[in-house]
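The sequence shown begins at 1 in full-length UniProt numbering and counts up by one. Beta carbons: idealized from backbone N, C-alpha and C, even for Gly. The next block holds one structure in the form of structure tokens; read it before the comments.
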Amino acid sequence: MANALFSRQKDGLCDASSYVPTTAEKPTPFFTFSETEIESILDWLFVPERGLNLTDSTSENLSQTDNYIWFMEPLMPNKTDVLAYLDGNATAPPKYAHIVMAEGGKEIPVMTDYYVGPLPVSDQTTIRTLDYWFNGVGGAQVPFNARPNDPPRRAAFDPLIVSVMSNISDITADLVDIVYFGADDERSNGTYFTTNPQSMDGNSSILWMPWRRNALAQYDQPTNLYTSFDISGSDPSTYHLRMIVYNLVIYNSVEDFREAWESGKIEKTPPPTRNDTFLRKDRFGPVRDLETRLAPATIEPDGKRYKLDAQNDYVEYLGWSFYTRFTRDTGVQIFDIKFKGDRIMYELSLQDAIAQYAGNNPFQATTGYSDRYYGIGASVITPVPGYDCPYHSTYLNATYNDGTQLHSVKNGLCIFESDLGFPATRHNDPAYIQSTKASGLTVRWIATVGNYDYMFDYSFWVDGTITVDGRASGYVQANYYRPEDEGKWGPRIQETISGTLHTHVMGLKADFDLIDSQNTFVKTDIIVENITQPWFPELSEFEMMRYNISEVLSEADGLLNFGPNGQTMYTVVNKAHKNQWGESRGYRILPGISNVHLASQKSPFFLKSAEWAKQSLAVSRQHDTEPSSSSTQNQNLPRTPPVEFWKFFDDDEPLVQEDLVVWTNLGMHHFTRAEDIPNTIMTEAHSSIMFAPMNWGDTELTVDLTNAVIYNANEDGSGVVPDVNGVSPPQCYPLTAQDSLVGLFEA
């Protein structure tokens, strides 16, 4: 393999070899459990002396009133322990398991987060509630009514839904052209979805169900029928129908609904079409001129320029190095990010992705999704080579712990280097020209969470910049079209459907460690003021701009928005480490495309559960007891979530030369349009954030790159030979006459 890796050319073809192998300086502390480790933990938990009274979660007879393990993964080690290991001579941090148990067998049923360890199992191993991770009123416990609709819970309430819908099948067949006798009944051509949140504080559990045709892209085949059920408590005999809504008219019982239908009091609206061609992306229309040729592609003609230790999920690229980790909840996490040997961040990771909807019906109006609840990482898919990821990308399996099993999605991550499409720097002078190539390494993954495919990119550029991009495509969650709504929640986009106004916000955690863990958050405003200057007496007083530089001193001022007109710059600096010119070394936080936050600050469906999404960014002190801005269980507890983000700021800790975490957002307001059919276009459904060097070096950080060209002209401007630092395209990558580097001064 070594010969292939460093071969510039073989049989006239450009090098398409794999990555260059490397070895991480230390084995990763950001691990995933092996199947053997999972089995040993389960064996320990199921011992009767533990008193947990557990039922195997894979049992066919599993009930919501059993105690069983809902989720298990490695507990993230404390940052102080990890840094002592990575930077010093300390041993690797001890291993612990994070376990979520559904405890339906308790007198008061709950779900509880525990941690188990140290591991491997020994006589020192214990199990304890994970209270220190959660600042909500319930600590590590979630009320039964707010727990997920996992298979045991669905098995408890689905018979009631089958019973009700079977009793009105003749009505639904007439009004909406669907019937439901159960998911496994061949007569059923309808399906339901349960909205979230379904509880506000755990005191009750209410389901709202929009009925759809059970066919391709059911999200875009809605009917005008909705049902609501009360499934509070653990006794299914108490579950009951709350109401039926058709054409926005409420019926409080099956009897009321039937009486209205039989007496002709119901005004029928068109059912969803059975013709689903509008939902398919099959090519049609005249072929565009020259479009039969392959589209441009990212290539690496001289072979790969990045290194990988696949065993430790460790990457090196042109001065960058970092570890990756993959989790069920939020997918890819990046740790120990260094550039040219200096640490930039301890952690860069997705925290949650939410979507808040609006609409004139009981489903859309109540919809507030927290995708972490469904498992963003657990929804990872295998990308299509050459389309989702460039040809010749490096693929890694997405391996994570879920439930009581180890899961691995083949090729779930792709890594590739690409030309950024512009030079890093360039300038023309009468006697001097320079241009430096700009490239970056991207770690990409795609998760299909329900109707949307989310694409996430973490990119590392040769100039020291880090970017994060989020894109979305897939099927919009369409609304039933009603002309009476006058487009207030979205335009008509097909015969019986309209688009639905909604906002996506994706939260990021950026745990900065610039050189070390003592950093400061600086706000630089461009202000405009009236001044006089003695060398302009004829102007008298005139308007001019200047900087106003201030430090964010404490967490009380840590909830922030980007300033209007781009006149506010936020920077993380280390005041104890300065460059040659006496400026504090730092990194800027620059909003990219569509950095939005929630428009509604007081929606009952995201009251306290998504406080992280209600401003552009926030800065707080790092604590191992505040590992995330959200929680998997925040979804169904908007009034009393396990993690209340704004509580991070209640103690008003100082932020000057402290260990800082910046919580920032990607996001987009989705103004739906006809072009969302059949699938939303990623060019517009895109948001990004950039972290860029700010006085990090004495000069800009690409002066050491050899992929740069310099022309120094002779006095007569002739005979100039470009200096390319010994780097040129290989013979397998032929150039045209117009690609010549010679003769620019004569042009």
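- The Cβ-Cβ distance between residue 518 and residue 196 does not fall below 7 Å.
- In the structure shown, residue 251 falls within a strand segment according to DSSP collapsed to helix, strand and coil.
- In this structure, residue 211 and residue 179 do not form a Cβ contact; the two beta carbons are roughly 10 Å apart against a cut-off of 8 Å.
- Annotation for residue 118: 94, 95, 96, 124 and 125 place their beta carbon closer than 8 Å to its own, counting only its chain and skipping 5 residues before and after.
- Secondary structure of residue 37 (DSSP, three-state): helix.
- Between residue 98 and the set 88, 75 and 105, the nearest pair of CA atoms involves 75.
- With a 10 Å radius around the Cβ and a threshold of 16 neighbouring Cβ atoms, residue 651 comes out exposed.
- Residue burial is scored here from C-beta neighbours: residue 380 has at least 16 other C-beta atoms within 10 angstroms and is therefore classed as buried.
- The segment 346 to 398 is shown to contain whole beta strand (DSSP E) runs of 3 or more residues at 368 to 370, in chain order.
- Between residue 20 and residue 307, the C-beta gap is smaller than 7 Å, which places the two residues in contact.
- Here residue 504 is buried. Its C-beta has 16 or more other C-beta atoms within 10 Å.
- The DSSP-derived three-state label of residue 573 is strand.
- The continuous stretches of beta strand (DSSP E) do not include residue 170, which lies in the alpha helix (DSSP H) extending over residues 169 to 175.
- The Cβ-Cβ distance between residue 453 and residue 470 does not fall below 7 Å.
- Counting other Cβ atoms within 10 Å of its Cβ, residue 460 reaches 16 or more and is therefore classed as buried.
- Using a Cβ distance threshold of 7 Å, residue 324 and residue 418 do not count as a contacting pair.
- Per DSSP, the unbroken beta strand (DSSP E) holding residue 457 starts and ends at 452 to 461.
- Counting along the chain, residue 733 sits inside no beta strand (DSSP E), nor does DSSP assign it H or E at all.
- One Cα belongs to residue 663, the other to residue 617, and the distance between them is close to 5 Å.
- One alpha carbon belongs to residue 185, the other to residue 478, and they sit about 26 Å apart.
- Residue range 126 to 129 is occupied by the beta strand (DSSP E) that includes residue 129.
- By the Cβ criterion, the segment 552 to 559 is not in contact with the segment 314 to 331, since fewer than three pairs of Cβ atoms, one from each stretch, lie closer than 8 Å.
- Judged by their CB atoms, residue 630 and residue 293 are not nearer to each other than the 7 Å cut-off.
- In this structure residue 516 is not in contact with residue 567, their Cβ atoms being roughly 31 Å apart against a cut-off of 8 Å.
- C-alpha of residue 472 to C-alpha of residue 595: approximately 14 Å in a straight line.
- From the listed residues 170, 199, 202 and 50, the smallest Cα separation to residue 187 is found for 170.
- Between the segment 133 to 143 and the segment 77 to 96, the count of Cβ pairs shorter than 8 Å is below three; the stretches do not touch.
- According to the DSSP assignment, residue 80 belongs to the alpha helix (DSSP H) that extends over 79 to 87.
- A straight-line Cα-Cα distance of about 46 Å links residue 420 and residue 200.
- Contact check for residue 606 against residue 375 fails: the beta carbons are separated by 7 Å or more.
- DSSP places residue 333 within a strand segment (E or B) once states are collapsed to three.
- For the pair of segments examined, the segment 353 to 364 was found not to touch the segment 717 to 732: the number of CB pairs separated by less than 8 Å stays below three.
- Cβ neighbours of residue 659 within its own chain (closer than 6 Å, five residues either side excluded): 517 and 622.
- The beta carbons of residue 589 and residue 687 sit no closer together than 7 Å.
- Here DSSP, grouped into helix, strand and coil, assigns residue 566 to helix.
- A direct Cα-Cα distance of roughly 32 Å separates residue 153 from residue 679.
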